[in-house]
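See below for the structure under consideration.
4 protein chains.
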Amino acid sequence: MADFTNRQMEIIDESIKLIAKGGIQELTIKNIANSIGISEPAIYRHFNSKIDILLSILSFFESNAKNLFQKIHSKNISNIKKIESIFLTHCKSFAENPPLATVIFSEEMFINEKVLAEKIFSIMKLHKKEIFELIKKGQKNGEIRNDIPSEQLSFVILGTLRLTVTRWRLSNFSFDIRKEGRKMWNAIKRLIAK
Amino acid sequence: MADFTNRQMEIIDESIKLIAKGGIQELTIKNIANSIGISEPAIYRHFNSKIDILLSILSFFESNAKNLFQKIHSKNISNIKKIESIFLTHCKSFAENPPLATVIFSEEMFINEKVLAEKIFSIMKLHKKEIFELIKKGQKNGEIRNDIPSEQLSFVILGTLRLTVTRWRLSNFSFDIRKEGRKMWNAIKRLIAK
Amino acid sequence: MADFTNRQMEIIDESIKLIAKGGIQELTIKNIANSIGISEPAIYRHFNSKIDILLSILSFFESNAKNLFQKIHSKNISNIKKIESIFLTHCKSFAENPPLATVIFSEEMFINEKVLAEKIFSIMKLHKKEIFELIKKGQKNGEIRNDIPSEQLSFVILGTLRLTVTRWRLSNFSFDIRKEGRKMWNAIKRLIAK
Amino acid sequence: MADFTNRQMEIIDESIKLIAKGGIQELTIKNIANSIGISEPAIYRHFNSKIDILLSILSFFESNAKNLFQKIHSKNISNIKKIESIFLTHCKSFAENPPLATVIFSEEMFINEKVLAEKIFSIMKLHKKEIFELIKKGQKNGEIRNDIPSEQLSFVILGTLRLTVTRWRLSNFSFDIRKEGRKMWNAIKRLIAK
DNA sequence: GATGAATGAGAGTTCATTCAT
DNA sequence: TATGAATGAACTCTCATTCAT
């Protein structure tokens, strides 16, 4: 799934950086070409269109997330620890690659094009489903409080993660997202614990 | 504060609708002019530039929020009820004007231009401060649990509200944001209650 | 000849300043209106068109020059003194009104429109004729050398005056045009003296 | 120094013609594109901006002048002959390329943009310095009269050349600039000779 | 694989001018 | 006399994309 050549990965990488730098408006074929150091038509050797590039960015995110989820599934830890792992791993990977943070929660950028909007939507559902099921299991085995539907709990957690990242980005990455993420997670842990 | 002529309000209104329809890329002078039924240069009689229009949209939001906060302040109800009022009133006003929901939480659209980014940031701070102080008071007089810092609690609440609205929008407004908002609020209320 | 109302003179004055400030491109109806503090359509109460304004500026120059020539004619001084007077009076009036210097020798600005080009041409001829005749008289009565045709002598004088003003303007009025004018005139006087 | 591609030279050439035809206002990207027979965006493959084109026109002049000066320097003729050569060569090259005459002494066109104004200024200085030094040498070795400072003499010569060209242009190129140039030079030669 | 040259479509903006009030 | 609102035409410039080499 998502099998990119070196040049393609280079283009995807550079595109993420460009979007991070100046929003979707900064992502032009010219800018990508200049950043990489090739000509504009050369881009079209590697992607059919600009939308194709955006779609690949999203696929790249998707496959990252799937990998993460699989790794966590295989671990032998409590459900609440698994959710914590998802929460903090996200923070960590943003800390390591800030441009990613700009793009990943900026659905508005993509909703213009139907095919992109659908991809975004399916990625969101993927995350929601993951958290949702972990919560459900956690409620069943007594780790997580039972008096609030798992549906709502998952949205509280996801919403908190998203806002943390958004705050970080809008503040120009001026605080340590890992520390802040841990603070927020501690709050959530206490809120949902039995 | 934010004193617009009829034409200006018309342009602001139409602009919000355009952004809602197709993102910031749909907001062109041509589209605004066509929607209203005047020529493109005519727009410039009422706003100096496109950025000026965007800035006015944000000012419009800001002054709406300030009004809401003032109204709530003057009510003689518990702090938790005040937060509830903010939460649900936002959902209500989005239900009544869905395009608003698209624009209000789409900071990414504006971060290109410094002056817009600053405005967005100050609006976010305004909301945060409001919730934060209500929580603090609620914690002091025993309405709200004390074991979690008010800072984190306010972000949990704001994050949840934001995600609710984002989900609604990305689902193409396919569910009743008021009902969903109430559900989410009930969850939060239980989470933060003492 | 050239009988302007107060408002018209105000518009002409402001127009000269605008051209001086940023070339002919700075002379827009909007800029004129803003400088004076009236609305754009109001300008059209006083002039039929923008070209009308430019034409009036030129008429204003023309009538200034004619006045100067008349005054000098009536004086009872040598021909060479009369030329000197024209030369230095021009420098003096530029020193007193620098924007004038920018406009007066910038024929290029006006040659687009036929009616303006003709006006410019006739003003130039007026000056040429004046100097030319004074030289001729000076040659006849032995004040001025005879071995060079008066035609060429007048162009040498006019060319020198023009370049002096142009240098002053391009240097951002950084030297004293009166002193420099006198220096240049002293050179010319020696060159043409018998 | 000033190394242009074929297309760039074509654009520069066409631009000079356009300016000659109708002043700087005639120099629009559209007009350039139409004259050459390519699309407007195509222009931007060869120049970054309109100002870039104007700057290149000036560079082209500058490098022409430098070439001329170098050629003259290497000749084994009297200083007065060298000045004559500059004077008449200029007239000749204008005769061969009249549009050039319109642009080269129309500093007003360029003073809007700082970078252009500086270029113009440096070109003027280049010419001044050239004539100035030749005069100085001529005065030293007794070719040129000593009773007038070389500074003023150079401005008299340059001013005369400029006015000759200006008259020619404003008369719609209706006389033979070479003949007229020779007449003017003869007058100057006599004026400055010892 | 890559490039230089080109293009149709369209962006934001400014212009001189008109007209109803 | 003056103005607010409007407009057609034109401006510089950028976009994603194509094609011959």
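Chains as they are written, first to last, in the numbering used here: chain A, 162 to 355; chain B, 162 to 355; chain C, 162 to 355; chain D, 162 to 355.
Where is the CB? At the ideal position from N, CA and C, for every residue including glycine.
* Determine the DSSP secondary structure at I197/B, reduced to helix, strand or coil. => For this step, residue 197/B is matched to residue 36 along the second sequence. Note: I197/B maps to helix in three-state DSSP.
* Report the residue ranges of all alpha helix (DSSP H) runs contained in full by the segment 250-303 of chain C; include only those spanning at least 4 residues, in chain order. => 259-265 and 275-301
* Asked: Does DSSP put I305/B in a helix, in a strand, or in coil?
  -> Taking the first residue of the second sequence as position 1, residue 305/B is located at position 144. Residue state, collapsed to three classes: strand.
* Option in N333/D, I214/D, H288/D and R206/D with minimal Cα separation from F248/D -> What you label residue 248/D is simply residue 87 of the fourth sequence in a count that begins at 1. Minimum Cα distance to F248/D is reached at H288/D.
* Asked: Rounded to a whole number of angstroms, what is the C-alpha to C-alpha distance between F208/D and L188/A?
  -> Residue numbering aside, residue 208/D sits at position 47 when the fourth sequence is read from its first letter. Residue numbering aside, residue 188/A sits at position 27 when the first sequence is read from its first letter. Going by the C-alpha atoms only, they are around 23 Å apart.
* Do you know how far the Cα of R306/A is from the Cα of N195/A? -> As a working note, residue 195/A is residue 34 in the first sequence. As a working note, residue 306/A is residue 145 in the first sequence. So the alpha carbons of these two residues sit roughly 53 Å apart.
* **Span of the alpha helix (DSSP H) around A155/C** => With chain C covering only 162 through 355, there is no way to say anything about residue 155/C.
* Classify Q231/A as buried or exposed, calling it buried when 16 or more other Cβ atoms lie within 10 Å of its own Cβ. => Taking the first residue of the first sequence as position 1, residue 231/A is located at position 70. By the neighbour-count rule (16 or more Cβ atoms within 10 Å), Q231/A is not buried but exposed.
* **Limits of the unbroken alpha helix (DSSP H) element including K178/A** => On the first sequence, residue 178/A is found 17 positions in, with the first residue counted as 1. Taken as a continuous stretch (DSSP letters only), the alpha helix (DSSP H) holding K178/A covers N167 to G183.
* Asked: Within the 7 Å Cβ cut-off, does N237/C reach chain D?
  -> Taking the third sequence and counting its residues from 1, the one referred to as residue 237/C is at position 76. No, no contact with chain D.
* To do: Could you check the C-alpha separation between I214/C and N192/A for me, to the nearest Å?
  => Along the third sequence, one-based indexing puts residue 214/C at 53. Along the first sequence, one-based indexing puts residue 192/A at 31. The straight-line gap from Cα to Cα measures roughly 47 Å.
* Any Cβ of chain C within less than 7 Å of the Cβ of F248/D? -> Along the fourth sequence, read from residue 1 onward, the residue named residue 248/D stands at position 87. For F248/D, the answer is no, since every Cβ of chain C falls outside 7 Å of its Cβ.
* In the DSSP assignment, what are the bridge partners of A354/C? -> For this step, residue 354/C is matched to residue 193 along the third sequence. Note: A354/C sits in a beta bridge opposite I305/C.
* To do: Would you please verify whether the beta carbon of M170/B is less than 7 Å from any beta carbon of chain A?
  => As a working note, residue 170/B is residue 9 in the second sequence. No, no contact with chain A.
* Nearest-angstrom Cα distance between P310/C and K298/C? -> Residue numbering aside, residue 310/C sits at position 149 when the third sequence is read from its first letter. Residue numbering aside, residue 298/C sits at position 137 when the third sequence is read from its first letter. Roughly 12 Å between the two C-alpha positions.
* Taking 7 Å as the cut-off, decide whether the C-beta atoms of R323/C and F266/C are in contact. => For the purposes of this step, residue 323/C is taken as the residue at position 162 of the third sequence. For the purposes of this step, residue 266/C is taken as the residue at position 105 of the third sequence. The answer is yes: Cβ separation under 7 Å.
* Residues of the segment 244-270 of chain D whose Cβ lies closer than 8 Å to any Cβ of chain C, in chain order -> T263, S267, E268, E269 and M270
* Proximal residues, the segment 269-289 of chain A versus chain B, C-beta separation under 8 Å -> Residues passing the 8 Å Cβ filter: E269, M270, I272, N273, A278, I281, F282 and M285.
* Asked: With 16 as the cutoff for other CB atoms within 10 Å, does G184/A come out buried or exposed?
  -> Here residue 184/A refers to the residue found at position 23 when the first sequence is read from its first residue. That one is buried.
* **Given 8 Å, three or more beta-carbon pairs between the segment 312-320 of chain A and the segment 317-334 of chain B** => yes
* Asked: Cβ of V317/C less than 7 Å from any chain D Cβ?
  -> Here residue 317/C refers to the residue found at position 156 when the third sequence is read from its first residue. Closer than 7 Å: yes.
* Any beta-carbon of chain D closer than 7 Å to the one on G183/C? -> Position 22 of the third sequence, counted from the start, is the residue given in the question as residue 183/C. By this cut-off, G183/C is an interface position.
* Can A278/B and I272/B be called in contact, C-beta distance under 7 Å? -> Locating residue 278/B in the second sequence gives position 117, counting from the first residue. Locating residue 272/B in the second sequence gives position 111, counting from the first residue. It is a contact, given that the beta carbons lie within the stated cut-off.
* Asked: At a Cβ threshold of 7 Å, is R343/A touching chain B?
  -> Reading the first sequence from its first residue, position 182 is the one you call residue 343/A. For R343/A, the nearest beta carbon of chain B is not closer than 7 Å to its own beta carbon.
* State the Cα-Cα distance for the pair I338/A and K236/B, rounded to the nearest angstrom. => Taking the first sequence and counting its residues from 1, the one referred to as residue 338/A is at position 177. Taking the second sequence and counting its residues from 1, the one referred to as residue 236/B is at position 75. Distance between the alpha carbons of I338/A and K236/B is about 37 Å.
* If you check the beta carbons only, do E171/A and I197/A fall under 7 Å apart? -> Within the first sequence, the letter at position 10 stands for residue 171/A. Within the first sequence, the letter at position 36 stands for residue 197/A. Closer than 7 Å, so yes.
* Asked: Nearest-angstrom Cα distance between E175/D and Q169/D?
  -> For this step, residue 175/D is matched to residue 14 along the fourth sequence. For this step, residue 169/D is matched to residue 8 along the fourth sequence. Answer to the nearest angstrom: the Cα atoms are 10 Å apart.
* Kindly indicate which three-state DSSP category R343/C falls into: helix, strand or coil? => Stepping through the third sequence from its first residue, residue 343/C is reached at position 182. The answer is helix: DSSP assigns R343/C an H, G or I state.
* Backbone secondary structure at N240/C - three-state DSSP -> Translated into the one-based positions of the third sequence, residue 240/C becomes position 79. Helix.
* Asked: Cβ of R339/B less than 7 Å from any chain A Cβ?
  -> As a position in the second sequence, residue 339/B is number 178, starting the count at 1. By this cut-off, R339/B is not an interface position.
* Use the C-beta contact count for E201/B: other C-beta atoms within 10 angstroms, 16 or more gives buried, fewer gives exposed. => Here residue 201/B refers to the residue found at position 40 of the second sequence. Classification of E201/B: exposed, given that the 10 Å Cβ count is below 16.
* Range covered by the alpha helix (DSSP H) that runs through S315/D -> Taking the first residue of the fourth sequence as 1, we reach residue 315/D at position 154. Taken as a continuous stretch (DSSP letters only), the alpha helix (DSSP H) holding S315/D covers S311 to L331.
* Asked: Quick one: is F221/D buried, meaning 16 or more other Cβ sit within 10 Å of its Cβ, or exposed?
  -> Your numbering for residue 221/D matches position 60 in the fourth sequence. A residue is called buried when at least 16 other Cβ atoms come within 10 angstroms of its Cβ; F221/D meets this threshold and is buried.
* Asked: Taking A181/C as the reference, which of P259/C, C252/C, Y205/C and S217/C has the closest Cα?
  -> Numbered from its first residue, the third sequence carries residue 181/C at position 20. Closest by alpha carbon: P259/C.
* Asked: With a cut-off of 7 Å, does the C-beta of R206/D fall near any C-beta of chain C?
  -> As a working note, residue 206/D is residue 45 in the fourth sequence. No, because no Cβ of chain C sits closer than 7 Å to the Cβ of R206/D.
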